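Novice:
Numbering (the numbering used here), first residue to last: 7 to 415.
#1: Which residue spans inside the region 308-355 form an unbroken beta strand (DSSP E) run of at least 3?
#2: Per the contact definition of three or more C-beta pairs closer than 8 Å, is the region 103-112 in contact with the region 376-393?
#3: Rounded to whole angstroms, how far is the Cβ of residue 295 from the Cβ of residue 342, which I believe are closer than 8 Å?
#4: Exposed or buried, residue 115, counting other C-beta atoms within 10 Å across all chains shown (16 or more means buried)?
#5: I'd like to confirm the pairing. Which residues does DSSP put opposite residue 281 in its beta bridges?
#6: Over the uninterrupted beta strand (DSSP E) stretch that includes residue 190, give me the two end residues.
#7: By the DSSP assignment, the beta strand (DSSP E) with residue 196 in it spans what residues?
#8: Quick one, which of 175, 184 and 330 has its alpha-carbon nearest residue 219's?
#9: May I ask you to report which of helix, strand or coil DSSP gives residue 262?
#10: What would DSSP say about residue 203, mapped onto helix, strand or coil?
#11: Determine, using beta-carbon pairs with one atom in the region 191-210 and one in the region 158-167, whether at least three such pairs fall under 8 Å.
#12: For a quick check, are the C-beta atoms of residue 165 and residue 136 less than 8 Å apart?
#13: Just list the residues that DSSP pairs residue 39 with in beta bridges.
#14: Consult DSSP for residue 143 and reduce its assignment to one of helix, strand or coil.
#15: Out of 394, 406, 239 and 110, state which residue places its alpha-carbon closest to the alpha-carbon of residue 168.
#16: Could you name the residues of the same chain whose beta carbon sits closer than 8 Å to that of residue 308, not counting the 5 residues immediately before and after it, in chain order?
#17: Measuring straight from C-alpha to C-alpha, what distance separates residue 80 and residue 216?
#18: Tell me residue 44's beta-bridge partners as DSSP assigns them.
#19: To the nearest angstrom, how far is the alpha carbon of residue 213 from that of residue 260?
#20: Excluding sequence positions up to five away, which residues of its chain have a Cβ less than 6 Å from the Cβ of residue 273?
#21: To the nearest whole angstrom, what separates the beta carbons of residue 151 and residue 42, a pair I think is in contact under 8 Å?
#22: What separation, rounded to the nearest whole angstrom, lies between the Cα atoms of residue 180 and residue 74?
#23: Got a sec, what are the start and stop residues for the beta strand (DSSP E) residue 18 sits in?
#24: Starting from the C-beta of residue 7, find all residues in its chain whose C-beta is less than 6 Å away, skip the five residues before and the five after it, and write them out in chain order.
#25: For residue 189 and residue 77, what's the separation of their Cα atoms in angstroms?
#26: How many angstroms separate the CA atom of residue 62 from the CA atom of residue 316?
#27: Buried or exposed for residue 9, please, with buried defined as at least 16 other CB atoms from any protein chain shown within 10 angstroms of its CB.
#28: How far does the alpha helix (DSSP H) with residue 293 in it reach, from first residue to last?
#29: Under DSSP, the beta strand (DSSP E) around residue 108 begins and ends at which residues?
#30: Spatial neighbours of residue 306 within its chain, please: C-beta separation below 6 Å, excluding the five flanking residues on both sides.
#31: Please tell me whether residue 276 and residue 299 are closer than 8 Å, where the distance is taken between their beta carbons.
#32: Tell me the rounded alpha-carbon separation between residue 350 and residue 332.
#33: Rounding to the nearest angstrom, what Cα-Cα distance links residue 405 and residue 83 in this structure?
#34: To the nearest angstrom, how far is the alpha carbon of residue 312 from that of residue 278?
#35: I'd like to know whether the C-beta atoms of residue 140 and residue 48 end up nearer to each other than 8 Å.
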């Protein structure tokens, strides 16, 4: 059985590792072929700042940026491999506390999600959100992916074939490849998604720009350490945007550095971001980081939070990302082509669930596929693997709709 994963970001690497873990070995001489196709550099030693410039072609390998992985996503990582979970936690910072403030510095809400847990809570439920750089999470997964199973090519088209193997075509004109299962983990500007709607001349469900842009980066925590509570994710709201910041790593000397259950002493970096309205979606041609920095300093000049004042005086904009969402799709699968993560349901960054739900997607589909294959005999797997893939894909879609799809009745 040939399996192709389009997209080598967090979702793509995670589903590769889950497939390797859960697909049962085939008889001697037979094996599963699992290949990741990614348009961008996937060298695990490449720093996030070196990976690409400007706005990326897809969301699969976003440069830099911070995000949070909720307990539901951490549970997927734990079930995949305890060491993966520890690497992710070690590369980020546990943040069970949420603080919301006005731009004048008044605390509006302070919630400690750790305090809400019963003393005998199961360990998975007792895990707290881990805030981290996107690159750190990706690298923890990418390190465990075999280089031999990665192909750096940009996909131009995917065709879902109801009667035989699906096909993948490439921008460079190289020969197309066939696969029994194609997994679209290629982000909100997914090329794989188009295979689900072959009758459409163009994308019938294009991503929508929400009129918001986020910029962000990292600064030394030395000048603000006394003003930032350990374990806190901070949100500051004003009439012309909102600002956020958190410690992005724990101290190397902390005994709890790799524990998702404890608040470790913070490290030396603070992550920050600012989100504000921009009517027209920026492009690589219109981005001026110097102008963005000056606008940030002007926008937040009168805000009372001392951390924000320190950040805007010393900041360097590392990333700029328009906020996109994907309208609800009628299906995430067709004839052995399956979407996961942002390709299926891109969530706004404010949800805090994009990464975690993508991890839930890939685990759910792999477990259903594994179950479908385990209940088939070897002759069926060899003669008609597509039917087994389609069974798992339909079950995956039914499960997704029972938990996430909006009620349109």
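Don't be surprised by glycine CBs; every beta carbon is placed ideally from N, CA and C. All values reported here derive from a predicted model rather than from experimental measurement.
Specialist: With the given structure in hand:
#1: With a minimum length of 3 residues, the continuous beta strand (DSSP E) runs that stay inside the region 308-355 are 325-331 and 343-345.
#2: no
#3: Contact flag wrong, Cβ pair sits at about 43 Å.
#4: exposed
#5: Per DSSP, 220 and 248.
#6: Going by DSSP, residue 190 is part of the beta strand (DSSP E) stretching over 187-190.
#7: Taken as a continuous stretch (DSSP letters only), residue 196 belongs to no beta strand (DSSP E), as it is neither H nor E.
#8: 330
#9: coil
#10: coil
#11: Result yes; three or more Cβ-Cβ pairs closer than 8 Å.
#12: no
#13: 8
#14: helix
#15: 394
#16: If you ignore the 5 residues before and after residue 308, its C-beta comes within less than 8 Å of the C-beta of 109, all in its own chain and listed in chain order.
#17: 28 Å
#18: 158
#19: 42 Å
#20: 255, 256 and 257
#21: 7 Å
#22: 38 Å
#23: Taken as a continuous stretch (DSSP letters only), residue 18 belongs to no beta strand (DSSP E), being part of the alpha helix (DSSP H) at 16-28.
#24: 38, 186 and 391
#25: 25 Å
#26: Confidence at residue 62 is low in this model, with a pLDDT of 40, below 50, so the placement of that residue should be treated as unreliable; the coordinate-derived value is given next. When only Cα atoms are considered, residue 62 and residue 316 end up about 30 Å apart.
#27: buried
#28: From DSSP, residue 293 is part of no alpha helix (DSSP H); its letter is neither H nor E.
#29: 103-108
#30: 314 and 318
#31: Taking 8 Å as the Cβ cut-off, residue 276 and residue 299 do not qualify as a contacting pair.
#32: 8 Å
#33: 20 Å
#34: Their Cα atoms are separated by approximately 13 Å.
#35: no
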